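Structure, as structure tokens:
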């Protein structure tokens with residue numbers, strides 16, 4: 099369906115604007131994405147598109163041809179985005195789909211969470227569990243830095259204790275932490291068939307109770323400073339695991 | 099020297115505020131840092147400190163005991179910082195000090211530049227060359243994400259063509275790029291004794307003329323998406339080089 103809108107007061111424009119509010123977003127279970135790259139990645143989840151010109155998209159997606167003024171108003175990006183879309187919330191799957199998981203334990207910076215989701219897809223870690231105190235998945239910064247990888251992943255909100263469940267299912271629980279019992283990543287040669295990789299909060303690392311659940315702790319040796327950015331650290335660990343498998 | 103200031107109109111407070119302007123910063127060759135961690139890393143470069151209470155610092159540093167209102171005004175961080183300092187610009191050294199360099203070719207996001215500087219220190223790449231079109235080193239976001247590593251590194255602004263000079267001095271010039279001639283990072287076993295690692299722009303990668311100067315091109319194999327965040331990619335490459343050396 100293709101329609102034209104020229105007024106900022108149009109109800110569907112108002113609806114799109116309302117989704118900038120986190121509470122509305124959660125109530126409606128819809129969120130906004132911006133730009134052609136994200137749109138392409140998100141197609142399975144897109145319901146409505148706001149565009150300047152008709153796009154070649156599946157019939158099921160409603161296209162609203164709008165003015166630059168309307169697009170600019172709906173978009174939150176600093177630079178002008180030529181397309182904005184309304185997507186339905188992702189569906190997560192708590193069934194056992196693959197043999198590895200990433201668990202984010204209180205990673206709070208949206209840019210870091212998005213970057214980790216992007217890296218996880220690149221290195222084939224498609225199940226990601228977000229602890230309740232991690233950044234909100236539908237934050238625009240998370241979506242942008244994920245480069246749309248969220249639409250190709252199985253993202254689970256940890257309402258029940260996923261770590262315990264996975265441990266019972268025979269997963270090795272692997273944390274990253276600079277403790278005495280931590281093994282140097284380069285010396286960790288035998289990658290387990292089923293594993294969960296945990297990355298902790300930017301300032302505080304993993305929570306004590308999460309660290310206590312780990313069957314293995316890994317560390318990345320470094321000079322002069324005592325920590326890496328969590329996005330960088332997780333990239334190094336995921337890459338090492340992928341190259342060794 | 100220790101003095102007390104209670105007025106926002108005090109000339110030294112005004113001077114600190116003026117350093118938020120990039121032109122003033124460059125003219126004065128001074129910049130602001132915030133927070134105790136950065137202060138500790140920056141001590142060799144600190145001239146003036148604004149603090150709520152006297153700190154245990156070298157005599158050469160002037161301490162101004164100020165009100166919360168003044169600190170809040172000088173600081174640019176969202177959360178209240180208990181200390182702000184004025185530092186002199188870093189000194190760079192174009193002499194041959196070590197056998198490896200990082201070259202940032204148009205990396206524009208300040209958070210990415212800061213993160214790369216942090217990772218570089220951790221993995222012992224202490225010479226960093228910034229191309230003219232990379233993010234401004236003294237941007238607050240660069241300084242914050244570097245976690246103070248800038249004060250322990252030799253950071254060079256590429257006014258002359260450093261890549262040519264280093265190539266003439268026998269450095270291997272190694273770029274990262276998904277071209278046909280790129281070698282899989284995991285297969286690149288023999289790390290050269292003298293090398294420059296280049297990381298390119300977030301969207302466009304390395305400039306063509308920079309890529310043409312490379313003696314080796316490396317790639318990180320990945321699934322489904324065709325690029326990693328540049329901070330993550332550089333972390334993986336630096337870690338791999340460090341572990342193989």
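Protein chains in written order, with our numbering: chain A, 99 to 343; chain B, 99 to 343.
Using N, Cα and C, we set each Cβ at its ideal position, and we do this for glycine too.
For clarity, every value in this text was computed on a predicted model and none was experimentally measured.
Closer than 8 Å, CB to CB, is residue i near chain A or not?
{"i": "residue 308 of chain B", "result": "no"}
{"i": "residue 145 of chain B", "result": "no"}
{"i": "residue 337 of chain B", "result": "yes"}
{"i": "residue 329 of chain B", "result": "yes"}
{"i": "residue 242 of chain B", "result": "no"}
{"i": "residue 318 of chain B", "result": "yes"}
{"i": "residue 321 of chain B", "result": "yes"}
{"i": "residue 315 of chain B", "result": "no"}
{"i": "residue 235 of chain B", "result": "no"}
{"i": "residue 326 of chain B", "result": "yes"}
Does the CB of residue i have a neighbour CB from chain B at under 8 Å?
{"i": "residue 219 of chain A", "result": "yes"}
{"i": "residue 128 of chain A", "result": "no"}
{"i": "residue 250 of chain A", "result": "yes"}
{"i": "residue 333 of chain A", "result": "yes"}
{"i": "residue 138 of chain A", "result": "no"}
{"i": "residue 247 of chain A", "result": "yes"}
{"i": "residue 341 of chain A", "result": "yes"}
{"i": "residue 188 of chain A", "result": "no"}
{"i": "residue 141 of chain A", "result": "no"}
Is any heavy atom in the ligand ZN found nearer than 7 Å to the beta carbon of residue i?
{"i": "residue 107 of chain A", "result": "Looking at this structure, you won't find the ligand ZN or any other ligand, since it has none at all."}
Given this structure, state the Cα-to-Cα distance separating residue i from residue j, to the nearest angstrom.
{"i": "residue 141 of chain A", "j": "residue 273 of chain B", "result": "34 Å"}
{"i": "residue 151 of chain B", "j": "residue 119 of chain B", "result": "27 Å"}
{"i": "residue 271 of chain A", "j": "residue 215 of chain B", "result": "31 Å"}
{"i": "residue 227 of chain B", "j": "residue 335 of chain B", "result": "17 Å"}
{"i": "residue 109 of chain A", "j": "residue 115 of chain A", "result": "10 Å"}
{"i": "residue 200 of chain B", "j": "residue 190 of chain A", "result": "40 Å"}
{"i": "residue 311 of chain A", "j": "residue 291 of chain B", "result": "42 Å"}
{"i": "residue 208 of chain B", "j": "residue 260 of chain B", "result": "22 Å"}
{"i": "residue 248 of chain B", "j": "residue 155 of chain B", "result": "20 Å"}
{"i": "residue 181 of chain B", "j": "residue 153 of chain B", "result": "10 Å"}
{"i": "residue 238 of chain B", "j": "residue 218 of chain A", "result": "29 Å"}
{"i": "residue 176 of chain A", "j": "residue 165 of chain A", "result": "17 Å"}
{"i": "residue 302 of chain A", "j": "residue 295 of chain A", "result": "17 Å"}
{"i": "residue 327 of chain A", "j": "residue 297 of chain A", "result": "11 Å"}
{"i": "residue 293 of chain A", "j": "residue 138 of chain A", "result": "31 Å"}
{"i": "residue 305 of chain A", "j": "residue 313 of chain A", "result": "15 Å"}
{"i": "residue 321 of chain A", "j": "residue 342 of chain B", "result": "16 Å"}
{"i": "residue 178 of chain B", "j": "residue 160 of chain A", "result": "46 Å"}
{"i": "residue 300 of chain B", "j": "residue 206 of chain B", "result": "7 Å"}
{"i": "residue 318 of chain B", "j": "residue 279 of chain A", "result": "30 Å"}
{"i": "residue 309 of chain A", "j": "residue 229 of chain B", "result": "41 Å"}
{"i": "residue 257 of chain B", "j": "residue 131 of chain A", "result": "40 Å"}
{"i": "residue 125 of chain B", "j": "residue 337 of chain A", "result": "44 Å"}
{"i": "residue 284 of chain A", "j": "residue 122 of chain B", "result": "47 Å"}
Cβ of residue i within 8 Å of Cβ of residue j?
{"i": "residue 232 of chain A", "j": "residue 204 of chain A", "result": "yes"}
{"i": "residue 129 of chain B", "j": "residue 269 of chain B", "result": "no"}
{"i": "residue 146 of chain A", "j": "residue 183 of chain A", "result": "yes"}
{"i": "residue 111 of chain B", "j": "residue 100 of chain B", "result": "no"}
{"i": "residue 346 of chain A", "j": "residue 323 of chain B", "result": "Because residue 346 of chain A is not part of the residues shown, which for chain A are 99 to 343, the question remains open."}
{"i": "residue 106 of chain A", "j": "residue 168 of chain A", "result": "yes"}
{"i": "residue 252 of chain B", "j": "residue 287 of chain B", "result": "no"}
{"i": "residue 333 of chain B", "j": "residue 333 of chain A", "result": "yes"}
{"i": "residue 172 of chain B", "j": "residue 134 of chain B", "result": "no"}
{"i": "residue 315 of chain B", "j": "residue 277 of chain B", "result": "yes"}
{"i": "residue 144 of chain B", "j": "residue 329 of chain A", "result": "no"}
{"i": "residue 340 of chain B", "j": "residue 210 of chain B", "result": "no"}
In the DSSP assignment, find the beta strand (DSSP E) that holds residue i and state where it starts and stops.
{"i": "residue 183 of chain B", "result": "181-186"}
{"i": "residue 144 of chain B", "result": "144-149"}
{"i": "residue 170 of chain B", "result": "Here residue 170 of chain B belongs to no beta strand (DSSP E); instead the alpha helix (DSSP H) covers 166-172."}
{"i": "residue 264 of chain A", "result": "No beta strand (DSSP E) contains residue 264 of chain A, which is instead part of the alpha helix (DSSP H) from 260-266."}
{"i": "residue 270 of chain A", "result": "270-274"}
{"i": "residue 201 of chain A", "result": "198-203"}
Determine the extent of the alpha helix (DSSP H) in which residue i is found, giving its start and end residues.
{"i": "residue 306 of chain B", "result": "306-311"}
{"i": "residue 121 of chain B", "result": "120-126"}
{"i": "residue 155 of chain A", "result": "Neither: residue 155 of chain A is in no alpha helix (DSSP H) and is coded neither H nor E."}
{"i": "residue 246 of chain B", "result": "From DSSP, residue 246 of chain B is part of no alpha helix (DSSP H); its letter is neither H nor E."}
Would a check of beta-carbon distances place residue i closer than 8 Å to chain E?
{"i": "residue 337 of chain B", "result": "Of the protein chains in the structure, A and B, none is chain E."}
Members of the region 203-228 of chain B near chain A, C-beta cut-off 8 Å: Within the region 203-228 of chain B, contact with chain A at the beta-carbon level (separation under 8 Å) is assigned to 209, 213, 216, 217, 219, 220, 221, 222.
Residues in the region 277-306 of chain B having any Cβ partner in chain A nearer than 9 Å: Contacts with chain A (Cβ-Cβ distance below 9 Å) from the region 277-306 of chain B involve 283, 284, listed in chain order.
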